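Chemist:
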Amino acid sequence: MAGSSVSGGATERIGYITRVQSFSACHRLHSVDLSDEENKKVFGKCNNPNGHGHNYKVEVTVRGKIDPITGMVMNLTDLKKCIEEVIMIPLDHKNLDKDVPYFARVVSTTENLAVYIWDNMVKTLLPNLLYEIKIYETDKNIVVYRGE
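Quick note: the sequence shown uses our numbering, first residue 5, plus one each step.
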């Protein structure tokens, strides 16, 4: 059969696992490097001093060899724990700009949120396992980050 390995063969299979998690947070798009007028021009209504909120949906995808013994790239329970530690505890029901030190000087765009999640997920996973962070800010606004 084409593409299949013989039992005990050396063919390695690569798999992708994605876990989806939702969280709610508020923020204000505002750069300390811009004047108030420039911030209003660049960020529009998202620069409202009172902020605004989102129900984010995050997809965390890992990529790796499928273990021939366990049949897994990674245990989904372990991935769930990493997501809890990196996403849910620090971000859920938080004001990103005030409650997450990273965003004190970094504008809390969805792009920067993806970088934040990537940088922290990478610390909790085996090397080269994290493949992609995809964040749905809304059904129509989606950011993908792959550590590049």
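Glycine residues also receive a C-beta, built at the ideal position from the N, C-alpha and C atoms. These numbers come from a predicted model, not from an experiment.
Just curious, the alpha helix (DSSP H) that C86 is in, first and last residue?
Modeler: L80 to I87
Chemist: Need the endpoints of the beta strand (DSSP E) that A108 sits in, please.
Modeler: Counting along the chain, A108 falls outside any beta strand (DSSP E), and DSSP gives it neither H nor E.
Chemist: For L130, count neighbouring C-beta atoms within 10 Å of its own C-beta (all shown protein chains included) and say buried if the count is 16 or more, exposed if not.
Modeler: Around the beta carbon of L130, a 10 Å sphere encloses fewer than 16 other beta carbons of the protein chains shown; the residue is thus reported as exposed.
Chemist: Could you compute how far the alpha carbon of R67 sits from the alpha carbon of I146?
Modeler: Our two residues, R67 and I146, have alpha carbons roughly 21 Å apart in a direct line.
Chemist: With respect to the alpha helix (DSSP H) encompassing E42, which residues constitute its N-terminal and C-terminal limits?
Modeler: D40 to F47
Chemist: Could you say which of L133, Y120, N99 and T114 lies nearest to E89 if we only look at CA atoms?
Modeler: Y120
Chemist: So, for I87: in the same chain, excluding its five sequence neighbours on each side, which residues have a beta-carbon less than 7 Å away from its beta-carbon?
Modeler: R23, Q25 and V64
Chemist: Please list the segments of the beta strand (DSSP E) lying wholly inside the stretch 93–149, counting only runs of 3 or more residues, in order along the chain.
Modeler: 134–140 and 146–149
Chemist: Here's the rule I'm using: 16 or more other beta-carbon atoms within 10 Å means buried, otherwise exposed. How should R32 be labelled?
Modeler: buried
Chemist: From the DSSP output, in three-state form, read off N59 for me.
Modeler: If DSSP states are grouped into helix, strand and coil, N59 belongs with the strands.
Chemist: Using CA atoms only, rank isn't needed, just tell me which of Y149, M92 and E141 is closest to C50.
Modeler: E141
Chemist: What is the DSSP secondary structure of I70, reduced to helix, strand or coil?
Modeler: coil
Chemist: Rounded C-beta distance between N122 and I137? I'm assuming under 8 Å.
Modeler: Sequence check: residue 122 is Trp here, not Asn. Confirmed, about 5 Å.
Chemist: The beta strand (DSSP E) with V24 in it runs from where to where?
Modeler: V24: member of the beta strand (DSSP E) spanning I18 to H31, first to last residue.
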